[in-house]
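Asker:
There are 2 protein chains.
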Amino acid sequence: MAVGGGHGGPAAPAAFDVPSGAPAGAAPEPGDPRLARLSLNQKTVDNWSLPEAVQGCLRAGIGAIGLWREPAAETGIARSARLVREAGLRVSSYCRGGFLTGYDRTAALEENRRAIDEAAELGAPCLVMVVGGLPEGDRDLVGARARMAEAVAELAPYAAERGVCLALEALHPMFCADRAVLSTLGQALDIAELFPVGQVGVVVDTYHVWWDPRVYQEIARAGERIASFQVCDWVLPLPADPLLGRGMVGDGHADIPALHRAVDAAGYTGDIEVEIFNADVWAADPDAVLATVTRRHVHHLA
Amino acid sequence: MAVGGGHGGPAAPAAFDVPSGAPAGAAPEPGDPRLARLSLNQKTVDNWSLPEAVQGCLRAGIGAIGLWREPAAETGIARSARLVREAGLRVSSYCRGGFLTGYDRTAALEENRRAIDEAAELGAPCLVMVVGGLPEGDRDLVGARARMAEAVAELAPYAAERGVCLALEALHPMFCADRAVLSTLGQALDIAELFPVGQVGVVVDTYHVWWDPRVYQEIARAGERIASFQVCDWVLPLPADPLLGRGMVGDGHADIPALHRAVDAAGYTGDIEVEIFNADVWAADPDAVLATVTRRHVHHLA
Numbered sequence: 003m004a005v006g007g008g009h010g011g012p013a014a015p016a017a018f019d020v021p022s023g024a025p026a027g028a029a030p031e032p033g034d035p036r037l038a039r040l041s042l043n044q045k046t047v048d049n050w051s052l053p054e055a056v057q058g059c060l061r062a063g064i065g066a067i068g069l070w071r072e073p074a075a076e077t078g079i080a081r082s083a084r085l086v087r088e089a090g091l092r093v094s095s096y097c098r099g100g101f102l103t104g105y106d107r108t109a110a111l112e113e114n115r116r117a118i119d120e121a122a123e124l125g126a127p128c129l130v131m132v133v134g135g136l137p138e139g140d141r142d143l144v145g146a147r148a149r150m151a152e153a154v155a156e157l158a159p160y161a162a163e164r165g166v167c168l169a170l171e172a173l174h175p176m177f178c179a180d181r182a183v184l185s186t187l188g189q190a191l192d193i194a195e196l197f198p199v200g201q202v203g204v205v206v207d208t209y210h211v212w213w214d215p216r217v218y219q220e221i222a223r224a225g226e227r228i229a230s231f232q233v234c235d236w237v238l239p240l241p242a243d244p245l246l247g248r249g250m251v252g253d254g255h256a257d258i259p260a261l262h263r264a265v266d267a268a269g270y271t272g273d274i275e276v277e278i279f280n281a282d283v284w285a286a287d288p289d290a291v292l293a294t295v296t297r298r299h300v301h302h303l304a
Numbered sequence: 003m004a005v006g007g008g009h010g011g012p013a014a015p016a017a018f019d020v021p022s023g024a025p026a027g028a029a030p031e032p033g034d035p036r037l038a039r040l041s042l043n044q045k046t047v048d049n050w051s052l053p054e055a056v057q058g059c060l061r062a063g064i065g066a067i068g069l070w071r072e073p074a075a076e077t078g079i080a081r082s083a084r085l086v087r088e089a090g091l092r093v094s095s096y097c098r099g100g101f102l103t104g105y106d107r108t109a110a111l112e113e114n115r116r117a118i119d120e121a122a123e124l125g126a127p128c129l130v131m132v133v134g135g136l137p138e139g140d141r142d143l144v145g146a147r148a149r150m151a152e153a154v155a156e157l158a159p160y161a162a163e164r165g166v167c168l169a170l171e172a173l174h175p176m177f178c179a180d181r182a183v184l185s186t187l188g189q190a191l192d193i194a195e196l197f198p199v200g201q202v203g204v205v206v207d208t209y210h211v212w213w214d215p216r217v218y219q220e221i222a223r224a225g226e227r228i229a230s231f232q233v234c235d236w237v238l239p240l241p242a243d244p245l246l247g248r249g250m251v252g253d254g255h256a257d258i259p260a261l262h263r264a265v266d267a268a269g270y271t272g273d274i275e276v277e278i279f280n281a282d283v284w285a286a287d288p289d290a291v292l293a294t295v296t297r298r299h300v301h302h303l304a
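Put into structure tokens, the structure is as follows:
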């Protein structure tokens with residue numbers, strides 16, 4: 003659809019939501035105070051390098067960024083840290099550590115110590131931990147969970163010495179076998195509470211926890227353990243690769259505003275990080291993605 | 003691969019597991035005491051009519067059957083009841099009631115009363131309740147759950163008068179939006195415990211609950227509330243239609259023997275019902291499916 007200007011004035015640029023394609027209003031301007039807590043997780047603009055994502059945030063008026071290891075490594079950790087700092091962006095999280103359920107404990111711990119070092123260098127307050135699934139052919143879920151908890155105990159002091167909080171992320175139970183044996187916020191808190199506040203916390207990710215009958219109780223219980231609040235929506239049908247099924251806030255079934263109110267009521271005042279794994283979002287113009295992200299944030303979360 | 007007989011004796015028939023296609027040993031013979039608790043949920047042999055499923059059970063030495071409304075209606079409820087009774091099969095469950103989360107409460111209750119009447123006529127001890135998802139465009143999960151619980155309260159006395167237990171089935175959280183807002187065994191028990199034992203119980207279905215960090219506690223808590231124990235395995239990748247992703251016992255990641263031990267330790271002595279929604283299983287020869295079902299039962303559950 004062509005959005006034409008009439009006589010006598012410049013046409014407003016046509017704006018369309020990503021990935022729905024629905025016509026949309028103008029995005030909020032940089033400096034809009036309603037954007038104050040919005041953070042862009044790099045994974046939402048997966049085709050951008052770290053420098054591109056930093057510049058995109060500046061253009062869209064987004065003041066914080068959640069970084070990922072792979073693009074940070076590509077740009078170089080020191081250079082990434084400098085770029086983010088010079089742009090005046092906060093780092094809301096660093097993704098990711100974890101994968102602690104295998105039998106090669108030494109290698110996993112080593113890799114996680116490297117991720118912690120990088121998080122510290124980048125100024126990330128927390129390292130998001132995706133703890134890992136069942137080892138190939140192994141059905142001992144109780145055992146895998148125990149190994150994971152032991153590994154967290156091993157890493158927590160190392161992280162604390164470097165000012166990095168380990169943020170345990172419960173993943174949706176459909177990822178239990180292959181991604182994360184940590185399946186509920188309550189389970190994450192049972193582990194986090196064994197450590198001092200600030201040393202081990204939890205991620206509240208709306209995609210992963212929205213369905214949980216105990217989610218509001220557990221968010222209240224989490225309180226100052228909430229190290230990261232990530233948002234995206236539950237949309238159906240699930241795609242062929244269920245890792246890529248996350249929707250733009252407002253496009254799906256999760257009551258994200260209610261979860262946001264609960265997180266704030268629990269005392270969380272930090273960044274609200276938009277993290278969307280979605281092939282259609284990745285195929286779109288990243289600036290249009292950011293425009294949708296800021297519109298949705300203002301509409302649903304500000 | 004041809005499995006040939008040598009000289010001097012008849013060849014053993016080639017046996018292959020469904021759907022893996024792996025060569026398999028002979029199925030246990032009808033009358034094998036290890037099959038005593040095995041039940042066939044009709045959905046596992048979706049292409050068979052009810053009379054065919056009854057005959058298939060007799061050939062395979064399976065002494066119980068879980069019936070579904072659609073094939074029972076096709077055969078006729080009275081005739082279905084007679085066929086099952088004359089074959090000497092137990093009815094382990096009747097699937098399914100539910101879908102109680104919509105705003106047309108009257109129609110939903112009416113449909114469920116019909117299902118309860120049918121369950122009674124068929125001699126089913128319980129009606130499996132798949133409670134329904136979020137209404138179209140509705141994100142109020144708390145409200146949908148409340149409507150569901152109220153409807154259960156409405157139906158429970160009606161069912162009790164007819165000797166039918168309402169068996170609340172928690173579905174895997176990936177079905178929360180579109181199938182069942184009842185997502186954990188604990189949540190199901192919170193509702194069931196409001197009613198007398200025998201009036202409202204729960205289904206323990208390994209596919210739906212295996213991932214739950216609280217599953218062993220909740221099974222122990224369930225005790226005599228366990229109205230039905232259904233088994234199938236969590237296999238990956240999820241298919242395009244995630245409703246059809248269930249695997250044959252032993253093919254996936256769920257620790258089904260451990261869940262079985264827990265259910266028995268909780269006091270359950272009833273049928274172990276194999277319910278597999280899987281396009282590859284449905285495309286196979288149903289007798290070969292039953293042979294695999296009996297082999298797997300003996301190997302993993304007897």
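So the protein lines, in turn, are chains A and W.
Just so we're on the same page, this note's numbering is the position in the first sequence counted from 1, plus 2.
Just so we're on the same page, this note's numbering is the position in the second sequence counted from 1, plus 2.
Ideal Cβ placement from N, Cα and C applies to all residues, glycine included.
Please go through the same chain and pick out, in chain order, the residues whose beta-carbon is closer than 6 Å to the beta-carbon of A/ARG98, but skip the five residues on each side of it.
Answerer: For A/ARG98, where only same-chain residues beyond five positions count, the Cβ hits under 6 Å are VAL130, VAL132.
Asker: Look up A/ASN280 in the DSSP assignment and say whether it is helix, strand or coil.
Answerer: It is a strand residue.
Asker: Could you spell out where the alpha helix (DSSP H) holding A/ILE258 opens and where it closes?
Answerer: A/ILE258 -> alpha helix (DSSP H) spans 258 to 267.
Asker: Mind checking the segment 171 to 199 of chain A against chain W and listing, in chain order, the residues whose C-beta falls within less than 7 Å of any C-beta there?
Answerer: So the close ones are HIS174, PRO175, MET176, CYS178, ALA179, ASP180, SER185, THR186, GLN189.
Asker: Excluding the five sequence neighbours on either side, which residues of its own chain have a C-beta within less than 7 Å of the C-beta of A/HIS301, listed in chain order?
Answerer: Closer than 7 Å at Cβ, skipping near neighbours: GLY252.
Asker: What residues match up with W/ILE274 in a beta bridge as DSSP calls it?
Answerer: According to DSSP, W/ILE274 bridges with W/LEU40, W/PHE231.
Asker: Which chain A residues sit within Cβ distance under 7 Å of W/HIS255?
Answerer: The answer, in chain order, is LEU136, ARG141, ALA179.
Asker: Is there at least one Cβ from chain W nearer than 8 Å to A/ALA242's Cβ?
Answerer: Answer yes: the Cβ-Cβ gap between A/ALA242 and chain W drops below 8 Å somewhere.
Asker: Between the alpha carbons of A/VAL183 and A/PRO137, how many angstroms are there, rounded?
Answerer: Cα to Cα, A/VAL183 sits roughly 11 Å from A/PRO137.
Asker: Based on Cα-Cα distance, which residue from W/PHE279, W/GLY135, W/GLU163 lies nearest to W/VAL202?
Answerer: Among W/PHE279, W/GLY135, W/GLU163, the Cα nearest to that of W/VAL202 belongs to W/GLU163.
Asker: State the Cα-Cα distance for the pair A/LYS45 and A/ILE278, rounded to the nearest angstrom.
Answerer: Straight-line Cα distance between these residues: approximately 6 Å.
Asker: Over what stretch of residues does the beta strand (DSSP E) that includes W/LEU91 continue unbroken?
Answerer: Taken as a continuous stretch (DSSP letters only), W/LEU91 belongs to no beta strand (DSSP E), as it is neither H nor E.
Asker: Is any beta-carbon of chain A found at less than 8 Å from that of W/TRP284?
Answerer: It does not: the Cβ of W/TRP284 has no partner Cβ on chain A nearer than 8 Å.
Asker: Please report the distance separating the alpha-carbon of A/ARG116 from that of A/ARG71.
Answerer: Going from the Cα of A/ARG116 to the Cα of A/ARG71 covers about 10 Å.
Asker: Under the three-state reduction of DSSP, which class applies to A/TYR218: helix, strand or coil?
Answerer: In the structure shown, A/TYR218 sits in a helix (DSSP, three-state: H, G or I).
Asker: Going by beta-carbon coordinates alone, are W/ALA29 and W/ALA268 separated by less than 8 Å?
Answerer: Not closer than 8 Å, so no.
Asker: Run down chain A in chain order and give the residues with a C-beta less than 7 Å from the C-beta of W/LEU238.
Answerer: Here the neighbours are ALA179, ASP180.
Asker: Are the Cβ atoms of W/ALA126 and W/SER82 separated by less than 8 Å?
Answerer: Result no, Cβ atoms of W/ALA126 and W/SER82 do not sit closer than 8 Å.
Asker: Rounded to whole angstroms, how far is the Cβ of A/ALA55 from the Cβ of A/ILE67, which I believe are closer than 8 Å?
Answerer: So it is a contact: roughly 6 Å between Cβ atoms.
Asker: List, in chain order, every chain W residue whose beta-carbon is nearer than 7 Å to that of A/TRP213.
Answerer: What A/TRP213 touches in chain W: PRO175, CYS178, SER185.
Asker: Note down the Cα distance separating W/ALA2 from W/GLY27, rounded to an integer number of angstroms.
Answerer: Because chain W here runs from 3 to 304, residue 2 of chain W falls outside it and cannot be looked at.
Asker: Please classify A/TYR270: is it buried, with 16 or more other beta-carbons within 10 angstroms of its beta-carbon, or exposed?
Answerer: Buried, because 16 or more other Cβ atoms sit within 10 Å of the Cβ of A/TYR270.
Asker: From what residue to what residue does the beta strand (DSSP E) around W/LEU129 run?
Answerer: Element bounds for W/LEU129: 128 to 132.
Asker: Quick check: what's the CA-CA separation for W/HIS174 versus A/ALA122?
Answerer: In a straight line, the C-alpha of W/HIS174 is about 38 Å away from that of A/ALA122.
Asker: What's the gap between the Cα of A/GLU226 and the Cα of A/VAL199?
Answerer: Distance between the alpha carbons of A/GLU226 and A/VAL199: 7 Å.
Asker: Starting from A/ILE118, trace the alpha helix (DSSP H) both ways and give me its first and last residue.
Answerer: Element bounds for A/ILE118: 107 to 124.
Asker: Report yes if the C-beta distance between A/ILE221 and A/VAL265 is below 8 Å; otherwise report no.
Answerer: Yes. Within cutoff.
Asker: Whose C-beta lies closer than 6 Å to the C-beta of W/ALA14 among residues of the same chain, with five residues either side of it excluded?
Answerer: With a pLDDT of only 49 at W/ALA14, under 50, the local geometry of the prediction cannot be trusted, and no value is derived from it.
Asker: Specify, as a first and last residue, the run of the alpha helix (DSSP H) that W/VAL300 falls within.
Answerer: Here the alpha helix (DSSP H) through W/VAL300 covers 288 to 303.
Asker: Locate the alpha helix (DSSP H) running through A/GLU156, then write down its first and last residues.
Answerer: Note, A/GLU156: alpha helix (DSSP H), 143 to 163.
Asker: Buried or exposed for W/THR108, going by 16 or more other Cβ atoms inside 10 Å?
Answerer: Label assigned to W/THR108: exposed.
Asker: If A/SER185 sits next to W/TRP212, beta carbons under 8 Å apart, how far is it from one beta carbon to the other, in whole angstroms?
Answerer: In fact, because the Cβ distance is near 10 Å, the residues do not count as touching under 8 Å.
Asker: Output the boundary residues of the alpha helix (DSSP H) element that contains W/GLY58.
Answerer: Taken as a continuous stretch (DSSP letters only), the alpha helix (DSSP H) holding W/GLY58 covers 52 to 62.
Asker: In its own chain, which residues sit with a C-beta less than 6 Å from the C-beta of W/ILE280, not counting the 5 before and 5 after it?
Answerer: Looking at the sequence provided, one finds Asn at residue 280 of chain W rather than Ile. Same-chain partners within the cutoff: LEU246, ARG248.
Asker: Near A/ARG1, which residues of its chain fall below 8 Å by C-beta distance, leaving aside the five closest residues on each side in sequence?
Answerer: Look at the range of chain A in this structure, 3 to 304, and you will see that residue 1 of chain A is not part of it.
Asker: Check whether chain B comes within 8 Å of A/GLU275, counting only Cβ atoms and requiring the distance to be less than that.
Answerer: In the structure shown, chain B does not exist; the protein chains are A and W.
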